[in-house]
Amino acid sequence: MWKFVAFVAFIASVTCEDVALSNRYFPDNFKFGAATASYQIEGAWDEDGKGEQLWDWYTHTYPDKIRNENNGDIACDSYHKWREDIELLKELGVNHYRLSLSWSRILPNGTVYNINQNGVNYYTKILETLRANNIEPLVTLYHWDLPVVFHEMGGWLNPKIADYFADFARLSFQLFGRYVKTWITINEPQTTCVQGYGTGGKAPGYVHSGDGVYQCAYTNILAHAKAYHIYDEEFRATQNGRVSIVLDSAWAEPGSSELEDEEAARTAMAFSMGLYANPIYNGNWPQVVIDRVGNRSLNEGLPRSRLPQLTPEEIEYIKDTSDFFCLNTYGTYYAQYQNGVNESIGDPNYYSDIGIHTYSDPEWEAVIDWVSLVPWGFRSLLNFVWTEYDGVEEIVVTENGWADVETILEDTQRINYVSQYLSALLDAYYEDGVNVTGYTVWSLLDNFEWTNGYTQKLGIVHVDFDDEERRRTPKSSYSWYKRVLANRCLVEECVRE
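This is the structure we're talking about:
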């Protein structure tokens, strides 16, 4: 069915940098998977009753904002080739497959008063086939493809969107709950809020850095909490599933052992991960975020903080609305105290609120700026999540992977990256006591990488986007990952703990 790339050496035994990998077996209950997202792979953007969504509108309205003016109109054509994708997953031997539902494919105008049965049938067939092949679906309700009607209402800056999302979540639980036991409400709200509503780097391209990031964060965590409570109160007893939210962050390492740099790193983590994790796991915004945004807002002459205040009722409602922790991560950076920034007042700005200097080590292996080979940073991040957030009893890595910018079928850099990150994961589990129970490689397929179009390739399966058939070719990393999954071991011989 597919042309496999020959892969002779088992590169996990000795990496290209001669890094010693863990020789421990993955725990018996540890699960491996692969991930995709609806807009990035499905295509069929206007077929079978699907409505327009945010990235349809954005790529068609502002094609110049996408590398090579690409779009996801066809993407990997998984709307028509989903059976082939599941065969790839079956051959790979994964325990789970993380996919997302297209809100506008199920609800063309976003509301539950107009259900597109073609969209329901599409996802039902996928979920049934996954279950028939003993692959657990991890289903994300929202992976950045907001129905365009809600974008026209202000998108995630409008708190009413949380109610529409809750309606969509309830319908999804009703329609697909018999197949799905692991639900993810929202993917990476940090990326949506900072890049979509702060810097303008992603759709919808808003530049409201001073307040848009925080208003978007408020609406996202409220939407998540509403969906969680709906499942908890209406579906958990009969469906016996669980619910979480995917949070993303790179690891912020102090630039030195100086106290100011250590505080800078903690501030960076509070504004990136903590802005979303703290209300869910600890209750309320991180105190450093409350203090810094509040003080700067007053110094800017504003009557109140640009950070929305959570009421006591909202704090209680949002807290403890996650059954396990879902983590996406790709790299590490250094955080350093920046003298004078905290006192400098200009236009309200999210990054000025953080007030630190960040940089990377030029020696770190990297092809693009948001993916770097720093496995010790990954281990530090796992430990941080485990100790920082109350009630976290389990962590699942829901995205991690390597990016190439060229078509490379013998992708030894990807194998090197994933093997070292998995080794760091094993160290966190066995040596640090972090209960991390799953790993999900991003991605199964090369796909549409948002404003980077098709120029960044993160799949373990190559997709030929110049071929009308979107021919799939498994890379060397596919064969390597398959062997790791079968052996549950990174090296030629492992030992039991």
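According to mature numbering (1 follows the signal peptide of the UniProt record, and there is no 0), the residues represented by the sequence shown are -16 to -1, 1 to 481, in order. Beta carbons are placed, not taken as given, at the ideal position from N, Cα and C, and that holds for glycine. This structure is a prediction, so every number in the text was calculated from the model and none was measured.
For Val381, which of Glu172, Pro332, Val178 and Trp348 has the nearest alpha-carbon?
-> The shortest CA-to-CA distance from Val381 to any of Glu172, Pro332, Val178 and Trp348 is the one to Glu172.
Report task. Report yes if the CB atom of Ser233 is closer than 8 Å to the CB atom of Leu141, and no otherwise. Result -> For the pair Ser233 and Leu141, the CB atoms are not nearer than the 8 Å cut-off.
Review point. Would you call the region 238 to 255 and the region 180 to 187 in contact, with 3 or more CB pairs under 8 Å?
Key: Touching, no.
Notebook entry, point to check: How many whole angstroms separate the CB atoms of Gln101 and Gly161, which I take to be in contact at a CB cut-off of 8 Å?
Noted result: For Gln101 against Gly161, the beta-carbon gap comes to about 18 Å, at or over 8 Å, which does not count as contact.
The region 302 to 322 touching the region 270 to 278, judged by at least three CB pairs closer than 8 Å: When Cβ pairs closer than 8 Å are counted between the two stretches, the region 302 to 322 is seen not to touch the region 270 to 278, the count staying below three.
| said: Within the continuous beta strand (DSSP E) that includes His127, where are the two ends? | reply: Neither: His127 is in no beta strand (DSSP E) and is coded neither H nor E.
Please state the DSSP three-state secondary structure of Arg51.
The answer is helix: DSSP assigns Arg51 an H, G or I state.
Would you kindly report the start and end of the unbroken alpha helix (DSSP H) that includes His135? Unbroken alpha helix (DSSP H) run through His135: Val132 to His135.
Can you name, in chain order, every residue of its own chain whose Cβ lies under 8 Å from the Cβ of Lys466, other than the five neighbours on each side?
The answer, listed in chain order, is Glu75, Leu76 and Gly77.
Point to revise | Cβ pair Val445, Leu469 closer than 8 Å | key: At the C-beta level, Val445 and Leu469 stay beyond 8 Å of one another.
For this session: Return helix, strand or coil for Leu72, following the three-state DSSP convention.
Result: Of the three classes helix, strand and coil, the one that applies to Leu72 here is helix, per DSSP.
field: Counterpart residues of Asn171 in DSSP-defined beta bridges
entry: For Asn171, which the question treats as bridged, DSSP gives the partners Val230.
Quick check on Gln179: does DSSP put it in helix, strand or coil?
DSSP places Gln179 in helix when its eight states are reduced to three.
How far does the beta strand (DSSP E) with Thr457 in it reach, from first residue to last?
Arg456 to Pro458 is the span of the beta strand (DSSP E), which, as asked, contains Thr457.
Using CA coordinates, which residue listed in Asp411, Gly361, Asn400 and Lys109 is at the minimum distance from Trp66? For Trp66, the nearest C-alpha among the options comes from Lys109.
query = For Ala207, is the classification buried or exposed, using 16 other Cβ atoms within 10 angstroms of its Cβ as the cut-off for buried?
reply = Ala207 comes out buried.
Check: Where does Val418 sit, in a helix, a strand or coil, going by DSSP?
Finding: Correct three-state label for Val418: coil.
Work out the CA separation of Ser84 and Ile37 for me, nearest whole Å.
Residue identity differs from the one stated: residue 37 is Gln in this sequence, not Ile. Answer to the nearest angstrom: the Cα atoms are 14 Å apart.
Between the alpha carbons of Asp353 and Thr439, how many angstroms are there, rounded? Straight-line Cα distance between these residues: approximately 14 Å.
| said: Using the Cβ count rule (16 or more neighbours within 10 Å means buried), how would you classify Ile329? | reply: With fewer than 16 other Cβ atoms inside 10 Å of its own Cβ, Ile329 counts as exposed.
- request: Would you kindly work out how many angstroms separate the C-alpha atoms of Ala254 and Cys60, rounded to a whole number?
  value: Using only the alpha carbons, I get a separation of about 36 Å.
Notebook entry, point to check: Glu237 bridges to which residues according to DSSP?
Noted result: Paired residue(s): Tyr318.
What is the C-beta distance between Thr113 and Trp235, in whole angstroms, given that I count them as a contact (C-beta under 8 Å)?
Not really, about 37 Å apart at Cβ, beyond 8 Å.
So the candidates are Tyr202, Asn333 and Glu394; which of them puts its Cα closest to the Cα of Ser281? The option with the nearest alpha carbon to Ser281 is Asn333.
**Asked** Identify the residues that DSSP records as bridge partners of Trp269: which are they?
**Response** Note: Trp269 is not bridge-paired with any residue in the DSSP secondary-structure output.
Nonlocal neighbours in the same chain, by C-beta distance under 8 Å from His64, ignoring five residues either side
Result list for His64: Gly27 and Ala28, in chain order.
Notebook entry, point to check: Does the beta-carbon distance from Asn268 to Leu231 come in below 8 Å?
Noted result: Using a Cβ distance threshold of 8 Å, Asn268 and Leu231 do not count as a contacting pair.
Residue burial classification, Pro346 (beta-carbon count within 10 angstroms, cutoff 16): By the Cβ-count criterion, Pro346 is exposed, with fewer than 16 other Cβ atoms from all chains shown falling within 10 Å of its own Cβ.
Taking all protein chains shown into account, do 16 or more other C-beta atoms lie within 10 angstroms of the C-beta of His192, making it buried, or fewer, making it exposed?
Around the Cβ of His192, a 10 Å sphere holds 16 or more other Cβ atoms; the residue is buried.
My understanding is that Tyr148 touches Thr203, with C-beta atoms under 8 Å, so please give their C-beta distance in whole angstroms.
So it is not a contact: roughly 11 Å between Cβ atoms.
Assess contact between the region 213 to 228 and the region 356 to 374, defined as three or more Cβ pairs (one per stretch) separated by less than 8 Å. Is contact present? Taking 8 Å as the limit for Cβ pairs, the verdict is that the region 356 to 374 does not touch the region 213 to 228.
Answer yes if the region 48 to 60 comes into contact with the region 5 to 17, meaning at least three C-beta pairs across the two stretches below 8 Å, and no otherwise. Note that the region 5 to 17 does not touch the region 48 to 60; fewer than 3 beta-carbon pairs, one per stretch, sit closer than 8 Å.
| query | In terms of residue numbering, what span does the alpha helix (DSSP H) encompassing Glu246 cover? | reply | According to the DSSP assignment, Glu246 belongs to the alpha helix (DSSP H) that extends over Leu243 to Met253.
What residue does the beta strand (DSSP E) around Asn312 start on, and which one ends it?
Asn312 -> beta strand (DSSP E) spans Phe309 to Asn312.
| said: Is the separation between the beta-carbon of His127 and that of Ser256 shorter than 8 Å? | reply: Contact flag unset, no.
Quiz prompt | Where the beta strand (DSSP E) containing Ser256 begins and where it ends | solution = Run containing Ser256: none; DSSP gives neither H nor E here.
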